[in-house]
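Student: Sequential numbering from 0 applies to the first sequence in our numbering.
All C-beta atoms in this analysis are idealised placements derived from N, C-alpha and C, irrespective of residue type, glycine included.
Quick caveat: nothing in here was measured; it's all calculated off a predicted structure.
Take this structure first; my questions come after.
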Amino acid sequence: MPELPEVETTRRGLLPHLVGRRVEGAVVRNGNLRWPVTRNLDRRLRGAKVVDIRRRGKYLLFDFPEGHLLVHLGMSGRLSLVPRDQPARSHDHVDVRLEGAQLLRLTDPRRFGAMLWVAGPAEDHALLRGLGVEPFDEAFDGAALQRLARGRRVAVKHFLMDAHVVTGVGNIYASEALFHAGIHPLRSVARIARARWDDLAIAVRDTLTRALAAGGTTLRDYAQADGSPGYFQHESAVYGRAGLPCRRCGTPIRMQRQGQRSTFHCPSCQK
DNA sequence: CTTTGCACCTGTTGGC
DNA sequence: TGCCAACAGGTGCAAA
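Encoded structure:
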């Protein structure tokens with residue numbers, strides 16, 4: 000999926016076009032996502048005016064006076080603003096029709112995403128309540144990571160990708176941040192000293208910041224709200240670079256399976 | 001409680 | 001060319 004930089008880029012792209020605008024209705028062509036799309040979405044949204052768009056981890060929250068539309072992009076999801084008369088293609092599952100000539104379209108080939116109406120306070124929703132610290136929150140630092148790791152022994156890459164620990168870091172940026180911190184992805188969190196936790200927190204924030212500046216990473220499905228791709232894949236240090244020389248020391252980058260995911264690291268820079 | 005592996009789903013790629 | 005296995009931005013859940 001889109002990780003934090005892709006979700007945030009989407010949010011920023013939509014914000015100026017949506018806030019203050021009214022929804023005229025919604026069309027659900029295929030509500031079979033990770034969870035069924037809220038029934039009667041059309042009735043819930045009709046006439047409602049968008050107040051704000053927020054992000055929590057990899058979730059987007061469209062705020063209305065009447066409630067919130069919670070959206071997750073899964074692995075292959077994408078939100079785009081398109082002309083109202085643009086014909087729907089095969090994986091265009093939901094259209095939110097806006098006043099004016101445009102609609103907000105959710106496209107998601109793998110259907111791991113979600114679109115749910117939340118009536119009460121969004122923070123109380125089960126999917127959001129257990130989420131961990133935001134990487135750009137001031138509470139996020141080496142000390143916080145070390146505290147969260149207490150009593151655990153999982154591999155640090157797994158730990159970083161756990162949204163109940165830190166939000167927004169997925170498979171690409173976990174590999175990238177660990178490279179910049181010089182930490183081996185398989186290292187147990189029980190064997191990381193304080194100074195290295197500091198390095199890691201800085202590396203996570205720095206990696207996400209640079210990805211954000213590049214408009215995110217486009218491997219295949221992801222695109223910004225206006226349809227343009229992200230460019231971070233061109234500056235990745237290790238992700239997708241198996242066999243290529245490490246940009247720092249020249250050693251070939253290694254790819255291996257960790258859990259069910261591919262992990263990339265430099266055997267000589269990361270210990 | 002923690003850790004591990006599966007499940008969900010479709011499309012693309014690479015090897016034979 | 002065709003076929004099939006492996007792999008792709010995630011994460012809730014069951015089992016141990």
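Buried or exposed, going by whether 16 or more other CB atoms sit within 10 Å of the CB of residue 1?
Tutor: Sequence index remark: in the first sequence, residue 1 carries index 2 (1-based). Flag for residue 1 reads buried.
Student: Pick out whichever of 16, 105 and 37 has its Cα sitting closest to the Cα of residue 52.
Tutor: Here residue 52 is taken as the residue at index 53 of the first sequence, counted from 1. That would be 16, whose Cα lies nearest to the Cα of residue 52.
Student: Can you give, in chain order, each stretch of the beta strand (DSSP E) that sits fully within the region 63-92 and has at least 3 residues?
Tutor: Listed in chain order, they are 66-71 and 77-82.
Student: By Cβ distance below 7 Å, which residues in the same chain neighbour residue 172 in space, the five residues on each side in sequence not counted?
Tutor: Working through the first sequence from its first residue, we reach residue 172 at position 173. So the qualifying residues of the chain are 2, 206, 207 and 210.
Student: With DSSP as the reference, label residue 174 as helix, strand or coil.
Tutor: Numbered from its first residue, the first sequence carries residue 174 at position 175. The answer is helix: DSSP assigns residue 174 an H, G or I state.
Student: Would you say residue 268 and residue 150 are within 9 Å of each other, going by their C-beta atoms?
Tutor: Position 269 of the first sequence, counted from the start, is the residue given in the question as residue 268. Position 151 of the first sequence, counted from the start, is the residue given in the question as residue 150. No, Cβ-Cβ distance for residue 268 and residue 150 is not below 9 Å.
Student: By Cβ distance below 7 Å, which residues in the same chain neighbour residue 95 in space, the five residues on each side in sequence not counted?
Tutor: In the first sequence, residue 95 corresponds to position 96, counting from 1. Here the set comprises 22, 25, 44, 102 and 103.
Student: So which of 117, 237 and 253 has the shortest CA-CA distance to residue 178?
Tutor: Translated into the one-based positions of the first sequence, residue 178 becomes position 179. Among 117, 237 and 253, the Cα nearest to that of residue 178 is on 237.
Student: Between which two residues does the beta strand (DSSP E) carrying residue 220 extend?
Tutor: Taking the first residue of the first sequence as 1, we reach residue 220 at position 221. Taken as a continuous stretch (DSSP letters only), residue 220 belongs to no beta strand (DSSP E), as it is neither H nor E.
Student: Whole angstroms are fine: how far does the CA of residue 227 sit from the CA of residue 8?
Tutor: As a first step, residue 8 is located in the first sequence; it is residue number 9 there, counting from the start. As a first step, residue 227 is located in the first sequence; it is residue number 228 there, counting from the start. Cα to Cα, residue 8 sits roughly 11 Å from residue 227.
Student: Assuming residue 252 and residue 240 are in contact, meaning their beta carbons sit under 8 Å apart, how far apart are those beta carbons, in whole angstroms?
Tutor: Here residue 252 refers to the residue found at position 253 when the first sequence is read from its first residue. Here residue 240 refers to the residue found at position 241 when the first sequence is read from its first residue. Confirmed, Cβ separation roughly 5 Å.
Student: In whole angstroms, what is the alpha-carbon distance linking residue 247 and residue 4?
Tutor: What you label residue 247 is simply residue 248 of the first sequence in a count that begins at 1. What you label residue 4 is simply residue 5 of the first sequence in a count that begins at 1. Looking at the two C-alpha atoms, the distance is approximately 24 Å.
Student: Just to confirm my understanding: we take residue 108, look at its own chain, exclude 5 residues before and 5 after, and list those with CB closer than 7 Å. What are they?
Tutor: Along the first sequence, one-based indexing puts residue 108 at 109. Cβ within range, chain order: 75, 90 and 220.
Student: Which same chain residues, not among the five before or five after residue 200, have their C-beta less than 7 Å away from its C-beta?
Tutor: In the first sequence, residue 200 corresponds to position 201, counting from 1. Taken in chain order, the residues that qualify are 139, 140, 141 and 144.
Student: What separation, rounded to the nearest whole angstrom, lies between the Cα atoms of residue 217 and residue 168?
Tutor: Looking up residue 217 in the first sequence gives position 218. Looking up residue 168 in the first sequence gives position 169. The straight-line gap from Cα to Cα measures roughly 16 Å.
Student: Any heavy atom of the ligand NAD closer than 8 Å to the Cβ of residue 43?
Tutor: Summarising the ligand content, the structure contains no ligands, and the ligand NAD is consequently not present.
Student: In this structure, does DSSP put residue 124 in helix, strand or coil?
Tutor: As a working mapping, residue 124 is identified with position 125 in the first sequence. Residue 124 falls in the coil class under three-state DSSP.
Student: In three-state DSSP terms, what is residue 35?
Tutor: Working through the first sequence from its first residue, we reach residue 35 at position 36. Strand, per DSSP.
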